[in-house]
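Chains as they are written, first to last, in full-length UniProt numbering: chain A, 1 to 436; chain B, 1 to 301; chain C, 1 to 297.
Note that the Cβ used here is the ideal one computed from N, Cα and C, for glycine as well.
See below for the structure under consideration.
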Amino acid sequence: MKRSIVTGLGIAAALSLALAGCSSDADAESAPETTPSGPVTVTLAGWSLATTPEFQTLADAFHAANPDITVEAKEYDATNYDTQMTADLAAGTAPDIYVQKNLKNFFTYQNGAQLMDLSDVADTLDKSLSGLDAYEVEGATYAIPYRQDSWYLYYNRDLFDAAGMEYPDGSWTWDDYATNADEMTAALAAAGSPALGTYQHTWQSPVQGFALAQTPDADLLSGDFSYLAPYYESRIALQDSGAQASYGTATTNSLTYQAQFGTQKAAMMPMGSWYVATLIAQQASGDSETFNWGIAPAPQLDSSTVKNPVTFGDPTGLGINPAIDDDKAAAAKAFLAYVGSEDAALALAKIGITPAYASDVVTEAYFGLKGVPTDDLSRFAFSTHDTKPENPVSKYTTGIQNILNDAHSIIMSGSSTVEDALAEAESRAENEVLNQ
Amino acid sequence: MATTLEARRPGSRLKWRNTMLGWSFILPNFLGFAVLTLVPVIALFYIAFTNWNAFGTADWVGLANFQRMVGDKSFLVALSNTVYYTVFHIPLTLGLSLALALLLNRKMRGVAFFRTAAFFPYVTSIVAIAVVWNMLFSPESGPINQFLTMVGVSNPPGWTTSADWSMPAVILVGTWREMGYYMLLFLAGLQTIPPELYEAARVDGASAWQRFRNITVPCLRPTTFFITVMLTIGSFKVFDLILVMTNGGPGQSTLVLSQYIYTKGFVENQLGYASSVSIVLFLICISITVVQFLVNKRSEA
Amino acid sequence: MAITTAVRPIPEIGSPLPRRRPRSTKKTVGRVLGYVALGLAAAGVLLPFFWMVMSSLKTNNAVFSVPIQWIPETFVWSNYVDIWQKSDMSTWLKNTMVLSLAVTALQLLTGSFAAYGFSKVRFPGRDVLFLVYVGTIAVPWQAYMIPQFILMSKLHLSNTLWSIVALQAFGAFGVFLMKQFYETVPEELSEAARIDGLSEYGIYRRIILPLSVPALASLTLLTFVNTWNDYLGPLIYLRDPNLWTIQLGLKSFVSQYNAEYALIMTGSVLSVLPIAIIFMVGQRYFVEGIATSGLKG
Numbered sequence: 001m002k003r004s005i006v007t008g009l010g011i012a013a014a015l016s017l018a019l020a021g022c023s024s025d026a027d028a029e030s031a032p033e034t035t036p037s038g039p040v041t042v043t044l045a046g047w048s049l050a051t052t053p054e055f056q057t058l059a060d061a062f063h064a065a066n067p068d069i070t071v072e073a074k075e076y077d078a079t080n081y082d083t084q085m086t087a088d089l090a091a092g093t094a095p096d097i098y099v100q101k102n103l104k105n106f107f108t109y110q111n112g113a114q115l116m117d118l119s120d121v122a123d124t125l126d127k128s129l130s131g132l133d134a135y136e137v138e139g140a141t142y143a144i145p146y147r148q149d150s151w152y153l154y155y156n157r158d159l160f161d162a163a164g165m166e167y168p169d170g171s172w173t174w175d176d177y178a179t180n181a182d183e184m185t186a187a188l189a190a191a192g193s194p195a196l197g198t199y200q201h202t203w204q205s206p207v208q209g210f211a212l213a214q215t216p217d218a219d220l221l222s223g224d225f226s227y228l229a230p231y232y233e234s235r236i237a238l239q240d241s242g243a244q245a246s247y248g249t250a251t252t253n254s255l256t257y258q259a260q261f262g263t264q265k266a267a268m269m270p271m272g273s274w275y276v277a278t279l280i281a282q283q284a285s286g287d288s289e290t291f292n293w294g295i296a297p298a299p300q301l302d303s304s305t306v307k308n309p310v311t312f313g314d315p316t317g318l319g320i321n322p323a324i325d326d327d328k329a330a331a332a333k334a335f336l337a338y339v340g341s342e343d344a345a346l347a348l349a350k351i352g353i354t355p356a357y358a359s360d361v362v363t364e365a366y367f368g369l370k371g372v373p374t375d376d377l378s379r380f381a382f383s384t385h386d387t388k389p390e391n392p393v394s395k396y397t398t399g400i401q402n403i404l405n406d407a408h409s410i411i412m413s414g415s416s417t418v419e420d421a422l423a424e425a426e427s428r429a430e431n432e433v434l435n436q
Numbered sequence: 001m002a003t004t005l006e007a008r009r010p011g012s013r014l015k016w017r018n019t020m021l022g023w024s025f026i027l028p029n030f031l032g033f034a035v036l037t038l039v040p041v042i043a044l045f046y047i048a049f050t051n052w053n054a055f056g057t058a059d060w061v062g063l064a065n066f067q068r069m070v071g072d073k074s075f076l077v078a079l080s081n082t083v084y085y086t087v088f089h090i091p092l093t094l095g096l097s098l099a100l101a102l103l104l105n106r107k108m109r110g111v112a113f114f115r116t117a118a119f120f121p122y123v124t125s126i127v128a129i130a131v132v133w134n135m136l137f138s139p140e141s142g143p144i145n146q147f148l149t150m151v152g153v154s155n156p157p158g159w160t161t162s163a164d165w166s167m168p169a170v171i172l173v174g175t176w177r178e179m180g181y182y183m184l185l186f187l188a189g190l191q192t193i194p195p196e197l198y199e200a201a202r203v204d205g206a207s208a209w210q211r212f213r214n215i216t217v218p219c220l221r222p223t224t225f226f227i228t229v230m231l232t233i234g235s236f237k238v239f240d241l242i243l244v245m246t247n248g249g250p251g252q253s254t255l256v257l258s259q260y261i262y263t264k265g266f267v268e269n270q271l272g273y274a275s276s277v278s279i280v281l282f283l284i285c286i287s288i289t290v291v292q293f294l295v296n297k298r299s300e301a
Numbered sequence: 001m002a003i004t005t006a007v008r009p010i011p012e013i014g015s016p017l018p019r020r021r022p023r024s025t026k027k028t029v030g031r032v033l034g035y036v037a038l039g040l041a042a043a044g045v046l047l048p049f050f051w052m053v054m055s056s057l058k059t060n061n062a063v064f065s066v067p068i069q070w071i072p073e074t075f076v077w078s079n080y081v082d083i084w085q086k087s088d089m090s091t092w093l094k095n096t097m098v099l100s101l102a103v104t105a106l107q108l109l110t111g112s113f114a115a116y117g118f119s120k121v122r123f124p125g126r127d128v129l130f131l132v133y134v135g136t137i138a139v140p141w142q143a144y145m146i147p148q149f150i151l152m153s154k155l156h157l158s159n160t161l162w163s164i165v166a167l168q169a170f171g172a173f174g175v176f177l178m179k180q181f182y183e184t185v186p187e188e189l190s191e192a193a194r195i196d197g198l199s200e201y202g203i204y205r206r207i208i209l210p211l212s213v214p215a216l217a218s219l220t221l222l223t224f225v226n227t228w229n230d231y232l233g234p235l236i237y238l239r240d241p242n243l244w245t246i247q248l249g250l251k252s253f254v255s256q257y258n259a260e261y262a263l264i265m266t267g268s269v270l271s272v273l274p275i276a277i278i279f280m281v282g283q284r285y286f287v288e289g290i291a292t293s294g295l296k297g
């Protein structure tokens with residue numbers, strides 16, 4: 001009985017080895033013969049190419065300036081990008097250049113030796129390029145940022161007018177935000193509107209991202225999460241007073257932030273800069289209602305930082321797969337040098353993306369876009385802020401963020417008190433992540 | 001099992017002949033199965049003893065992953081949640097799907113429609129299922145709690161937004177979704193029972209319950225065995241439903257092993273550790289299956 | 001509990017062809033009540049599907065709201081036109097159909113064949129080998145999908161439709177299912193055939209296969225539905241949009257910054273229709289199966 005199993009396994013193993021053997025021969029034969037000087041095509045991983053134009057925009061603009069190099073975008077899934085990319089890198093089927101979609105996963109790729117050292121490219125770039133330092137590990141740079149999102153406070157001017165309230169003025173602390181949200185809710189109800197004062201999406205980011213960025217000495221990796229407590233207390237209060245949809249309502253009804261703000265269910269909403277382009281597109285398509293809106297700097301912990309408001313957001317960067325053919329590496333590096341330049345930033349700003357490279361010219365290009373609110377406070381919010389990373393690059397970041405995500409759902413759903421949940425998160429971080 | 005070839009005609013040449021014969025039937029499927037499933041599964045057993053992170057080489061770490069598991073509170077939470085789900089989901093689904101199959105195993109007007117309806121939850125997009133059930137469970141505005149309040153429940157549960165009630169909610173939806181699937185298998189099993197047996201029992205004056213006990217249950221045994229094994233493994237591996245319904249929350253109240261494996265493997269890229277957790281899951285499933293297998297063999301004899 | 005209560009009122013449990021008996025008024029009332037109860041249960045069961053259909057007629061931002069909106073304020077019929085223009089639905093449907101048919105055919109052929117070996121031929125190692133088959137079902141796929149992906153890439157199968165065929169067609173599920181059903185076929189039948197000089201292959205072909213029509217029908221349905229609705233397999237293996245299946249394609253409507261929920265629902269409704277039709281047509285085999293196969297003789 002045993003013997004036939006063993007024989008069976010032996011056959012299977014031999015067969016798979018034989019097949020693997022065949023295929024590696026085939027690999028060697030099918031390697032394309034390319035001449036270093038001729039036209040080169042490098043591949044670039046992107047997601048939802050039909051609805052996410054940034055990859056093609058960068059590829060086209062670069063090709064126009066460098067006709068010998070073609071950048072070909074490859075389709076990946078938006079939500080499962082990192083799973084697909086991990087599989088492709090492990091099997092050696094990944095494209096030449098790939099996006100660091102989340103800063104959280106950058107460490108894994110870098111530590112797993114799946115990113116080429118790009119220090120020579122970084123040396124040619126403007127040091128003020130936002131997010132560049134996030135990709136630096138032990139003095140070497142492994143990815144070049146092309147976009148840098150930050151969180152703002154979106155507000156609906158029409159609803160503020162209807163409620164007879166003053167617009168945000170750029171000096172708000174979180175206390176001012178809460179007071180205004182409460183007053184707004186009452187005023188809107190009095191005016192017969194079913195809209196609420198504000199909407200906070202169900203993610204952990206809008207609470208924890210701000211808390212980490214704005215609290216002095218807060219450190220995600222310290223395993224001390226007490227800095228989150230005041231932020232949770234104030235959000236729970238807002239939810240209890242009815243100034244925003246409760247977490248339970250938002251999750252069980254699968255509320256989307258696009259619909260909450262876009263169909264005027266809430267007068268304010270803290271959200272990332274990517275929503276500007278989405279909102280403009282949805283107002284044009286009719287998915288969102290037509291109303292006047294603006295962006296204000298994110299509310300601050302206290303008034304000391306209103307001159308240069310502190311907010312958070314992770315950069316999005318491009319890295320090179322070290323398995324790239326040698327003769328293509330130069331072309332790929334040339335593309336990455338372009339991606340961090342002002343030319344690329346202009347091309348991106350024109351499609352409503354917040355580029356990592358900031359300058360007055362880029363700001364002008366962005367605000368020249370049809371539908372972007374052009375008031376002074378919106379311009380200030382876009383051009384002046386101190387954006388801190390939501391996910392500091394470290395071995396522990398992903399594990400800690402997962403634990404904090406559990407803490408988030410248990411606090412916001414009211415299943416546990418803030419202190420208990422944070423204490424539990426601290427002990428889990430100690431026992432499951434920081435000791436690894 | 002009834003008479004077999006070996007028992008009928010003993011002899012070692014015959015044994016050889018039977019082996020060749022048996023393998024000739026199995027081989028077409030086995031080739032594909034061995035290369036595409038068995039080899040990766042064997043690889044998994046190796047990876048479980050390494051610190052592989054999906055890239056590069058895997059370093060042998062011996063039993064370190066298993067030692068880590070013992071002290072890993074989240075793993076223990078996931079394990080006990082999985083057992084919680086399984087213990088309720090299996091009997092509920094088994095009972096309901098058998099009841100449905102018995103109810104719909106007759107010639108009656110509209111039976112095709114009702115069978116299709118019962119099977120529909122399994123076919124409907126799981127996203128739509130999660131959305132609708134979550135809305136029905138909504139603590140403040142949901143129809144379920146509105147109904148409960150109406151009939152006088154003063155403090156209705158928070159369902160998927162409550163750490164205590166999220167698991168019952170998920171079990172309910174899991175049962176609702178899969179009962180049609182297993183009903184289909186029971187229906188197919190019921191077809192193999194010769195109608196003459198019922199006729200004879202009826203002539204002997206057996207009651208409906210007696211006929212069920214003495215004809216339906218024993219004749220359905222191979223089907224029931226199959227369904228029990230599949231249901232056990234399926235419950236221990238529950239994944240996509242939890243992912244879309246609660247994503248393991250609130251907190252870790254619905255975190256299950258499959259999801260833990262996915263998180264460790266693909267979110268935190270600790271494939272070595274994820275593989276060792278899978279082996280524990282595998283060992284639990286296979287030991288229960290072996291017990292079921294032996295019980296089945298005994299009642300056969 | 002559930003079993004007894006469900007069973008008592010039905011005297012003809014398990015019998016596919018109940019005898020016709022004279023009807024009494026009491027019976028008729030019971031019958032009507034039974035239909036009402038079944039109708040209500042069916043309505044409850046179909047509720048999510050109803051919501052799916054209604055959401056497919058909404059605008060994207062109206063799909064999720066508080067409280068639930070069962071009927072759209074304005075019916076956006078154009079979703080059913082847009083989906084063909086905005087997406088490659090016809091390619092997705094074609095790919096999914098090709099895959100589902102190929103996988104189902106292979107699973108039926110190889111699965112029912114192998115099951116005969118496991119069920120009707122006794123040879124050394126058979127039970128252990130069978131446990132290995134069942135054991136692999138117990139290993140979560142997400143744990144070994146990377147080693148499997150590497151293997152498939154070495155075989156140059158990844159990013160081709162063949163990968164999904166290879167992935168699904170040789171599963172242990174079909175072997176297990178068919179083996180269990182073969183065991184309900186009385187051994188006397190094969191015995192008689194053996195005496196008549198039929199080979200084992202002949203017995204499989206002429207006796208066992210015709211008798212296992214209900215099992216083959218359910219295996220067909222379940223394999224077809226599982227391949228049709230599979231998401232994770234295509235997600236890992238298929239990158240090229242020309243190869244996408246319906247489930248993979250539909251999810252692509254959720255991009256990072258924008259989510260076309262109404263179109264997802266429209267697509268989901270369209271993707272369920274072929275299965276519903278197949279089921280409606282196929283389910284009759286569960287009544288006819290053995291009744292027409294001449295087991296009585």
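- Assignment of beta-bridge partners to A73 (chain A) by DSSP yields A:L44.
- For I97 (chain A), the uninterrupted beta strand (DSSP E) segment begins and ends at 97 to 100.
- Setting aside the 5 residues that flank it on each side, Q300 (chain A) is surrounded in the same chain by W172, T173, W174, Q214, V306, P309, V310, each with a C-beta closer than 8 Å to its C-beta; the list follows chain order.
- Following the DSSP letters along the chain, one finds T316 (chain A) inside the beta strand (DSSP E) bounded by residues 315 to 320.
- Closest by C-alpha distance to D343 (chain A), out of A:V40, A:D60, A:Y167, is A:D60.
- Taking a 10 Å sphere around the C-beta of D96 (chain A), we find 16 or more other C-beta atoms and assign the residue as buried.
- Sixteen is the threshold: since fewer than 16 other Cβ atoms of the shown chains lie within 10 Å of the Cβ of V151 (chain B), the residue is exposed.
- Within the segment 319 to 381 of chain A, the complete alpha helix (DSSP H) runs of at least 4 residues fall at 326 to 339, 342 to 349, 360 to 367.
- Using a 10 angstroms sphere on the CB of V281 (chain C), the tally of other CB atoms stays under 16, which defines it as exposed.
- With respect to the 9 Å criterion, Y80 (chain C) and L270 (chain C) are classified as neighbours on the basis of their beta carbons.
- Proximity of R235 (chain A) to chain B, defined by a Cβ-Cβ separation below 9 Å, is not satisfied.
- Listed by position along chain B, the residues whose Cβ is nearer than 8 Å to that of D169 (chain A) form an empty set, because the closest Cβ is around 34 Å away.
- Closer than 9 Å to the CB of E426 (chain A) there is not a single CB belonging to chain B.
- For chain A, the residues of the segment 243 to 262 of chain B that bring a beta carbon within less than 7 Å of one of its beta carbons are G249, P250, G251, Q252, in chain order.
- If you look at T175 (chain B), you'll find it isn't in any beta strand (DSSP E); it sits in the alpha helix (DSSP H) that goes 166 to 190.
- Listed by position along chain A, the residues whose Cβ is nearer than 9 Å to that of S158 (chain C) are A87, D88, A91, T93.
- At a cut-off of 3 residues, the continuous stretches assigned as beta strand (DSSP E) that sit fully inside the segment 120 to 149 of chain A are 144 to 148.
- Between N111 (chain A) and chain B, the shortest Cβ-Cβ separation is below 9 Å.
- Identification of chain C residues near R115 (chain B) by a Cβ-Cβ cut-off of 7 Å yields Q283, ordered along the chain.
- Put simply, the backbone Cα of S218 (chain C) is about 10 Å away from that of L108 (chain C).
- At least one CB atom of chain B sits nearer than 9 Å to the CB of S268 (chain C).
- Rounded to the nearest whole angstrom, the C-alpha separation of L243 (chain C) and I277 (chain C) is 24 Å.
- Counting C-beta atoms within 10 angstroms of its own C-beta, T175 (chain B) has 16 or more neighbours from the protein chains shown and is therefore classed as buried.
- Contact annotation, M245 (chain B) with V132 (chain B): C-beta distance approximately 11 Å; criterion of less than 8 Å not satisfied.
- Fewer than three Cβ pairs drawn from the segment 53 to 64 of chain B and the segment 185 to 194 of chain B lie within less than 8 Å of each other, which leaves the two stretches out of contact.
- Within chain C, the residues whose beta carbon sits less than 9 Å from that of T256 (chain A) are N60, N61, V63, F64, A259, Y261, listed in sequence order.
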